[in-house]
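Have a look at the structure below before the remarks.
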Amino acid sequence: MFIGSVEINGYAALAPMAGVADRAFRQICADFGAAYTVSEMVSSKGLCYGDRKSRELMVLDPEAGPSAIQLFGDDPEYMAKAAREALTFHPDILDINFGCPAPKIVNNHCGSALLQEPHLCEQIVKAVKEAVPIPVTAKIRKGFHRGDDVAVEVARACEAGGADAITVHGRTRDQMYAPPNDRECIARVKAAVKVPVIANGDIVTAADAAAMYEETGCDLVMIGRGALGAPWIFTEIHALLHEGRTLPAPPLSRRMAVLYRQTELAAKLKGEKVALLEARKHAAWYMRGLKGAAGYRTAAGTISTLEELARLCARVIEENENTAV
Ligand SMILES: Cc1cc2nc3c(=O)[nH]c(=O)nc-3n(C[C@H](O)[C@H](O)[C@H](O)COP(=O)(O)O)c2cc1C
2 MFIGSVEING YAALAPMAGV ADRAFRQICA DFGAAYTVSE MVSSKGLCYG DRKSRELMVL
62 DPEAGPSAIQ LFGDDPEYMA KAAREALTFH PDILDINFGC PAPKIVNNHC GSALLQEPHL
122 CEQIVKAVKE AVPIPVTAKI RKGFHRGDDV AVEVARACEA GGADAITVHG RTRDQMYAPP
182 NDRECIARVK AAVKVPVIAN GDIVTAADAA AMYEETGCDL VMIGRGALGA PWIFTEIHAL
242 LHEGRTLPAP PLSRRMAVLY RQTELAAKLK GEKVALLEAR KHAAWYMRGL KGAAGYRTAA
302 GTISTLEELA RLCARVIEEN ENTAV
């Protein structure tokens with residue numbers, strides 16, 4: 002499929018996840034076949050005021066394949082200025098966040114708060130679109146309040162503003178991440194707009210991805226939490242959808258090797274201290290479901306060097322060699 006002029010080769014994209022889907026994780030997911038990755042969300046106002054952290058979030062890796070920088074903000078002018086700034090980091094696509102449910106974002110009239118103002122969404126998309134020569138996309142939710150169903154209206158507004166694709170997460174803001182994820186809502190958006198629709202929410206297996214395609218008619222699926230500690234989900238989806246094959250779960254030694262590789266890469270990019278602090282949560286995800294996982298989580302909570310991580314991985318493999326699934 003194409004997002005504007007950008008070809009997306011594959012079946013599944015990695016969702017933007019602030020504090021989690023950093024450069025190292027995005028690179029690992031791309032290695033496993035993620036067709037497209039999106040940066041952690043970046044504050045348009047932060048960028049306009051020269052915030053260093055906001056700029057760091059926009060660094061992309063050309064080897065990671067098609068990549069978007071995601072911006073959030075409620076002021077079309079700031080968003081346009083931020084979009085021009087983002088261009089200096091050479092994204093293929095700019096994505097606009099109309100879905101974040103976090104109180105600190107919503108209380109600032111950003112993220113999913115804007116779902117209540119489709120006309121403003123349209124103006125923001127239009128301003129960004131006019132500011133940059135690359136495709137612009139919008140990521141939305143079903144609505145703000147429980148019971149809202151404004152996705153079609155907001156998607157149409159974004160399309161009218163010039164959006165080249167719409168990503169839909171079938172939950173309202175009030176639901177946060179609680180079930181259900183409404184696939185029918187995503188299907189209605191797909192039927193209502195001409196631009197490609199990317200379907201998001203609760204895909205944790207290749208079969209879930211297949212069901213999402215079938216039930217929504219979407220053009221691409223996007224995976225968030227299902228990729229945490231399991232970036233091989235992209236290979237599994239490709240195997241199922243391209244070849245009809247169900248891949249076995251990777252052996253534990255491989256899972257631990259990927260955790261180590263991801264952390265090593267993160268250490269190169271942000272230094273061992275920060276990378277290892279952040280690796281603690283990733284380690285817990287990679288060790289999910291193992292016998293003794295709670296103990297490993299506690300152990301992972303104390304690691305601060307790559308060497309300690311290597312020792313923990315070796316211990317996990319040794320203790321689970323015959324029992325791991
Ligand atoms: C830790 C975390 C951080 C997230 N950060 C962002 C973000 O920066 N921008 C965004 O649009 N969505 C963000 N999301 C939402 C995801 O992109 C996705 O829409 C949501 O998790 C539902 O998909 P899933 O069920 O596959 O996880 C975040 C989700 C999580 C769990």
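Per our numbering, the very first residue in the sequence shown carries number 2; after that it's consecutive.
Note that CB positions come from ideal geometry on N, CA and C, so glycine has one too.
C-alpha of L278 to C-alpha of I125: approximately 36 angstroms in a straight line.
Here the C-alpha atom of S45 lies approximately 41 angstroms from the C-alpha atom of G296.
Within the same chain, S44 come within 8 angstroms of D52 by CB-CB distance, once the 5 residues on both sides are set aside.
The beta carbon of K191 is closer than 7 angstroms to those of V198, T217, G218, C219 in its chain, skipping five residues each way along the sequence.
Secondary structure in the region 247-272: the alpha helix (DSSP H) runs of 4 residues or longer, each lying completely within the stretch, are 253-271 in chain order. The count of Cβ pairs closer than 8 angstroms, one atom from the region 138-148 and one from the region 168-181, reaches three, so the stretches are in contact. Shortest gap from the CB of K282 to any heavy atom of ligand 1: 7 angstroms or more. With distances taken between CA atoms, I70 lies nearest to A84 out of K105, A84, E78.
In the pairwise beta carbon analysis, the region 133-142 is classified as touching the region 100-117: at least three pairs are separated by under 8 angstroms. If you draw a 10 Å sphere on the C-beta of G245, you find fewer than 16 other C-beta atoms in it, and that means exposed.
Rounded to whole angstroms, A294 and H283 show a C-alpha spacing of 13 angstroms. P134 is the residue among Q28, A188, M18, P134 whose C-alpha sits nearest the C-alpha of E86.
Ligand 1 has a heavy atom closer than 7 angstroms to the beta-carbon of G20. A Cβ-Cβ distance of about 13 angstroms is found for the pair C49 and F73, leaving them out of contact under the 8 angstroms criterion.
Where T168 is concerned, the enclosing beta strand (DSSP E) starts and stops at 166-173. One Cα belongs to A285, the other to G112, and the distance between them is close to 28 angstroms. Residue environment analysis places E8 among the exposed positions, since fewer than 16 neighbouring C-beta atoms fall within 10 angstroms of its C-beta. Proximity of the region 255-269 to the region 16-29 meets the contact definition, three or more beta-carbon pairs being nearer than 8 angstroms. As the crow flies, the alpha-carbon of L242 is around 20 angstroms from that of G66. Pairing V259 with G227 gives a Cβ-Cβ distance that is not under 8 angstroms.
Pairing I318 with A35, the inter-Cα distance amounts to about 27 angstroms. If only uninterrupted beta strand (DSSP E) runs of at least 3 residues are considered, those enclosed by the region 81-113 are 94-99. In the three-state DSSP reduction, K143 falls in the strand class (E or B). Spatial neighbours of S254 in its own chain (CB-CB distance under 8 angstroms, excluding positions within 5 residues in sequence) are listed in chain order as I318. One alpha carbon belongs to M18, the other to V60, and they sit about 15 angstroms apart. Taking C-alpha positions only, A152 is separated from R312 by approximately 48 angstroms. For Q176, there is no enclosing beta strand (DSSP E), since its DSSP letter is neither H nor E. The three-state reading of DSSP puts T299 in helix, counting H, G and I together. Counting only residues of its own chain and dropping the five nearest sequence neighbours on each side, C314 has a CB closer than 6 angstroms to the CB of M257, Y261. A Cβ-Cβ distance of about 7 angstroms is found for the pair D23 and A267, placing them in contact under the 8 angstroms criterion. Excluding five sequence positions before and after A158, the CB atoms of its chain that fall closer than 7 angstroms to its own CB belong to P119, H120, C122, E123, given in chain order.
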